[in-house]
Amino acid sequence: MKTNLVIALAVGAFVSAMLLAIEPLTDFAYLSLEWPGITVAYFFWGAIGGPAFLGIAISWLVNALIYGLGAFAILSAVKVLRTG
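Just so we're aligned, residue 751 is where the sequence shown starts under our numbering, counting upward by one.
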């Protein structure tokens, strides 16, 4: 269980980093995949009036958690199906 969680969080961080890196290269074609993190960063950043770097960091972190939880669900389902 712990191994699946670590793998899932690593996958989520990688996906989030790749989305952030390819964003300017693809002319923001994948921006819809980043909406959860952007929404949270917008509300949090707007509430505290912080720097743009903090908003980007929050967006990356939230997207990493969301994609990591999705990967965790998939890994858990594969493990259940494999043992069952």
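Ideal placement from N, C-alpha and C gives every residue a C-beta, glycine not left out.
These numbers come from a predicted model, not from an experiment.
Three Cβ pairs or more, each shorter than 8 Å: is that satisfied between the stretch 818-825 and the stretch 774-789? These segments do not touch.
Would a C-beta distance cut-off of 9 Å place Ile757 and Gly787 closer than the cut-off? Not closer than 9 Å, so no.
Quick check: what's the CA-CA separation for Leu759 versus Leu811? Cα to Cα, the separation comes out at about 10 Å.
For Met751 and Val830, the rounded distance between their alpha carbons: Each residue's Cα considered, the two are about 11 Å apart.
Could you check how far apart the C-beta atoms of Gly762 and Ala827 are, in whole angstroms? I think they sit under 8 Å. Actually they are not in contact, since the Cβ atoms of Gly762 and Ala827 sit about 16 Å apart, beyond 8 Å.
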